[in-house]
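Novice:
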Amino acid sequence: MLQRKPTLSFPLTLAFALIVFTFPAISQEKPEGAKDQTPQLGEEKKETPTPPSGKEPDNTNRSQSQANAGTIAAPTENKSNWETGLGKGIRATSNDGKHNIQLRFRSQMQGNQTFQLDPSQDTTNFLVRRTRLALRAGLFNDTWLVNLQLGFAERDMESQRRNTLRDANIIYNQYRDVKVAFGQMKVPFSRQRWNSSSALQTVDRSSVNSEFNLDRDVGAYLFSEDLFGNKRMFAYYLGVFGGQGRNRVERQTPGVLTVARFIFSPFGGMSKSGSDNDWLSEVDFARYKEPKISFGVSGAYNKNSDRSLSTHGTEYSFAKFNYSHAAGDIYFKWMGFSFQYEWLWRRANTAYVERTVSSALSREYSRSGQGHFVQLGYLFTSQYELVFRFGEFRPLGETDPTMKYSREVGGALSYYFAEHNLKWQTDYFYYTGTPTAAEGDHVVRTQIQVFY
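As numbered in mature numbering (1 follows the signal peptide of the UniProt record, and there is no 0), residues -27 to -1, 1 to 425 make up the sequence shown, in order.
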């Protein structure tokens, strides 16, 4: 009987707590006799001249000394190194302003109802869709950026590997045109998957994205979000990954995932708004008075993948496939209106692999197909938004027989109490085809999110 492997939830959570609560104590250590002056973020600590040890200025010169001292360094207030608030989490900064650490928590509580053709198959469900704990640190004036994220909800973890670790990576942020990220992180491939699940216009992503995205993996990539320094008009990502997905440590057949992504924004990039960079928020909270648009193209090749969806999905028993991937997207925001279109494509080198297992011929299929979706939204006020989405995908050639033509049509109503940091969303989608029909022909979901 297989024994369930223990997860790392408790030790990783304990490590989070130790890092957060020991960081300020370490950063506030001072030499004996030093004054307790806390500079503001980004400022260098200023040394104030002091008299020689054991010698006090006399009364006749005290006024002059104080006047001179005032011309050398103005007195500063002793401000706290801590700050906290909704959308900020808990943040601590070192006394010299060179290092910072931030801890954030978010959770999505959801209820959903499915209605199928056979009423006896209808289901009602209440669940915690996502619960995440994220730690971010900036070292040496953000020259180095550290990201760590854990997921504790049932669907935050893969069914075959019960591991809470989602992100663990470091970014070298010194140069504008060439930055490097390495560790476990999202693969820079499809637009909607790259967007944070905390910053969506609907309760969840498109079923097209679920089928064709490349999720997370372990590796490294070079990138710039402001190539040549032209108002973020050009961006690129060039990466190499293990190709087997997140939290994989066993040896594997040689073969890696290579990926390239390029973005062109003719009117320049977007400013920061909401819980993350505005490029990663589907809603136009900024209500741009001038149109903002971007065009993205991506390509990837995954050699010797042993998973049905290339970097995620069911693990094969013996089959391995070479997957080619392509994607293109358009992203637009203007005066509260938002539009996004995305096309995704995946093709395997062969339809299936056969092997004799226990005197019986066994066959494992790859999944080749293409799909697209379009999503429209309008933010009526700073709090209400209506969204419509249509998506579909279909198999390509001889492939997994369970992969059929699938379609989704639906919309969402959102109420933003504090942008994405506190919001309530309800959506409805009608699904046709398989395998999405397994979720129910009609699906109604309602969800509230808090992102502290």
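Yeah, the Cβ is synthetic: ideal placement off N, Cα and C, and Gly gets one too.
Please read these numbers as outputs of a predicted model, since none were measured by experiment.
If you follow the alpha helix (DSSP H) that F155 is part of, which residue opens it and which one closes it?
Specialist: Run containing F155: none in the alpha helix (DSSP H); it sits in the beta strand (DSSP E), 152 to 159.
Novice: Of the residues G216, S238, G242, which one's Cα is nearest the Cα of L230?
Specialist: Of G216, S238, G242, the residue nearest in Cα terms is G216.
Novice: Could you check the C-alpha separation between T405 and S379 for me, to the nearest Å?
Specialist: In a straight line, the C-alpha of T405 is about 6 Å away from that of S379.
Novice: Have a look at the DSSP bridge pairing and note the partners of residue 432.
Specialist: The structure shown does not extend to residue 432, since the chain is modelled only from -27 through 425, so no value can be given for it.
Novice: Which ranges would you report for the alpha helix (DSSP H) in the stretch 155 to 230 if only whole runs of at least 4 residues count?
Specialist: Fully enclosed alpha helix (DSSP H) runs of 4 or longer: 164 to 167, 180 to 185.
Novice: Nearest to E198 by alpha carbon, out of R64, L138, Q147?
Specialist: Checked all of R64, L138, Q147; the closest Cα to E198 is Q147.
Novice: To the nearest angstrom, how far is the alpha carbon of E327 from that of K293?
Specialist: Roughly 11 Å between the two C-alpha positions.
Novice: Quick check: what's the CA-CA separation for V347 versus D302?
Specialist: Going by the C-alpha atoms only, they are around 10 Å apart.
Novice: With distance defined between alpha-carbon atoms, name the residue in G192, V382, R336, E315 nearest to R219.
Specialist: Selected option, being the one with the closest Cα: G192.
Novice: Hey, which unbroken runs of the alpha helix (DSSP H) at 4 residues or more fall wholly within the stretch 264 to 292?
Specialist: Runs of the alpha helix (DSSP H) inside the stretch 264 to 292: none found.
Novice: Span of the beta strand (DSSP E) holding Q398?
Specialist: Looking at the DSSP string, the run of the beta strand (DSSP E) that includes Q398 is 395 to 406.
Novice: Answer with buried or exposed for T284, where buried requires no fewer than 16 other C-beta atoms within 10 angstroms of its C-beta.
Specialist: Buried.
Novice: Tell me whether Q420 sits in a helix, a strand or coil according to DSSP, three-state version.
Specialist: The answer is strand: DSSP assigns Q420 an E or B state.
Novice: How should residue 432 be labelled, buried or exposed, when 16 other C-beta atoms within 10 angstroms of its C-beta is the threshold for buried?
Specialist: In this structure the chain extends from -27 to 425, so residue 432 is not present and cannot be described.
Novice: Assuming G156 contacts R139 under a Cβ cut-off of 8 Å, what Cβ separation, rounded to an integer in Å, is found between them?
Specialist: Contact doesn't hold; Cβ gap of about 11 Å is too wide.
Novice: Please state the DSSP three-state secondary structure of S311.
Specialist: DSSP places S311 in strand when its eight states are reduced to three.
Novice: Can you find the residues in the same chain that come closer than 7 Å, C-beta to C-beta, to Q86, ignoring five residues on each side of it along the sequence?
Specialist: So the qualifying residues of the chain are T97, V417.
Novice: Write down the C-beta distance between residue 426 and G62 rounded to the nearest angstrom, noting that I regard them as a contact closer than 8 Å.
Specialist: The first residue shown for the chain is -27 and the last is 425, placing residue 426 beyond what the model contains.
Novice: One question on the structure: do W397 and Y388 come within less than 9 Å of each other, judged by their Cβ atoms?
Specialist: For W397 and Y388, yes; Cβs fall inside 9 Å.
Novice: Which stretch, first to last residue, makes up the beta strand (DSSP E) that contains N142?
Specialist: First-last of the beta strand (DSSP E) with N142: 138 to 145.
Novice: Does the distance from the CB of F361 to the CB of Y304 come in under 9 Å?
Specialist: Taking 9 Å as the Cβ cut-off, F361 and Y304 do not qualify as a contacting pair.
Novice: Over the uninterrupted beta strand (DSSP E) stretch that includes S339, give me the two end residues.
Specialist: First-last for S339: undefined, no H or E at that position.
Novice: Taking Q422 as the reference, which of H72, R103, Y357 has the closest Cα?
Specialist: Cα-wise, what sits closest to Q422 is R103.
Novice: Under 8 Å: does the beta carbon of Y289 sit that close to some heavy atom of the ligand MG?
Specialist: By its list of ligands, the structure shown contains no ligand whatsoever, and the ligand MG lies outside what it can speak to.
Novice: Smallest Cα separation from G384: which of Q94, Q174, N142, E131?
Specialist: Out of Q94, Q174, N142, E131, Q174 has the C-alpha closest to the C-alpha of G384.
Novice: Buried or exposed for V222, please, with buried defined as at least 16 other CB atoms from any protein chain shown within 10 angstroms of its CB.
Specialist: Answer is exposed; the Cβ neighbour count stays below 16.
Novice: May I have the straight-line CA-CA distance separating M243 from K265, to the nearest angstrom?
Specialist: Rounded to whole angstroms, M243 to K265 spans 7 Å at the Cα level.
Novice: Whole angstroms are fine: how far does the CA of S297 sit from the CA of A324?
Specialist: Roughly 13 Å between the two C-alpha positions.
Novice: With 16 other CB atoms within 10 Å as the buried threshold, where does E365 fall?
Specialist: Buried is the call here.
Novice: Starting from S379, trace the beta strand (DSSP E) in both directions and tell me its first and last residue.
Specialist: Element bounds for S379: 379 to 389.
Novice: At the level of alpha carbons, what is the spacing between R166 and S332?
Specialist: Their Cα atoms are separated by approximately 42 Å.
Novice: Which term fits D31, buried or exposed, when burial requires 16 or more other beta carbons within 10 angstroms of its beta carbon?
Specialist: Unreliable placement is indicated for D31, whose pLDDT of 46 sits below 50; the coordinate value is still reported in the next sentence. Label assigned to D31: exposed.
Novice: Looking at the unbroken beta strand (DSSP E) that takes in L359, where does it start and where does it end?
Specialist: Taken as a continuous stretch (DSSP letters only), the beta strand (DSSP E) holding L359 covers 357 to 368.
Novice: In its own chain, which residues sit with a C-beta less than 7 Å from the C-beta of G60, not counting the 5 before and 5 after it?
Specialist: Closer than 7 Å at the Cβ level, and outside the excluded window around G60, lie S248, A391, N394, F424.
Novice: According to DSSP, simplified to helix, strand and coil, what is D414?
Specialist: Coil, per DSSP.
Novice: Alpha carbon to alpha carbon, how far is S341 from L211?
Specialist: Near 24 Å, if we compare the C-alpha coordinates of L211 and S341.
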